[in-house]
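For the sequence shown, my numbering begins at 133 and goes up steadily by one.
We treat Cβ as the ideally placed atom computed from N, Cα and C, and that holds for glycine.
Structure, as structure tokens:
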Amino acid sequence: MRTHSILLPLLAVVLAGCAATSVTPQGAAVELVNARPAGCKPLGEVIGKQGNVFSGDFTTNENLMMGARNDMRNRAAAMGGNVVHMQDTLNSTHPYSAGAVSTTIVGSVFACARR
Numbered sequence: 133m134r135t136h137s138i139l140l141p142l143l144a145v146v147l148a149g150c151a152a153t154s155v156t157p158q159g160a161a162v163e164l165v166n167a168r169p170a171g172c173k174p175l176g177e178v179i180g181k182q183g184n185v186f187s188g189d190f191t192t193n194e195n196l197m198m199g200a201r202n203d204m205r206n207r208a209a210a211m212g213g214n215v216v217h218m219q220d221t222l223n224s225t226h227p228y229s230a231g232a233v234s235t236t237i238v239g240s241v242f243a244c245a246r247r
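So, in structure tokens, the structure goes:
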């Protein structure tokens, strides 16, 4: 019985790590773009990430990417931005992994007039 009391919470934590980070209502209003927006106020750099060496093998590549994008949107909204110029994406691997274990996206946050 003691084994079950340890394994069940551990399984719940691992499975929770497999889901993509959720976007907040504020983050949902942030637009991700591939070109630097003109006429907008720069607010700084933002990094969105999803996954790690422990949960990455149990997370789909799609959830890694969507989670990193949602994390970026949430962080940009917290900075007061409404547009992120995405600049770089990195999918990290581990020698003993079957594929990507984490995704990191770097971008610049901007406050733009209504788009």
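Would you kindly work out how many angstroms separate the C-alpha atoms of residue i and residue j, rounded to a whole number?
i: P174; j: V241; result: 6 angstroms
i: G176; j: R207; result: 11 angstroms
i: T221; j: T153; result: 17 angstroms
i: N166; j: T192; result: 24 angstroms
i: G180; j: R205; result: 8 angstroms
i: Q182; j: G171; result: 31 angstroms
Just to confirm before moving on: does the CB-CB distance between residue i and residue j stay below 8 angstroms?
i: A160; j: N195; result: no
i: M211; j: G239; result: no
i: V162; j: A200; result: no
i: M197; j: T236; result: no
i: C244; j: P157; result: no
i: L164; j: V216; result: yes
Taking residue i and residue j to be in contact with their CB atoms under 8 angstroms, please state how far apart those CB atoms are, rounded to whole angstroms.
i: V155; j: N214; result: Wrong, their Cβ atoms sit about 14 angstroms apart, outside the cutoff.
What are the boundary residues of the alpha helix (DSSP H) that residue i is part of?
i: G199; result: N193 to A210
i: P169; result: Run containing P169: none; DSSP gives neither H nor E here.
i: G159; result: P157 to A160
Can you tell me where the beta strand (DSSP E) holding residue i begins and where it ends?
i: P174; result: K173 to G183
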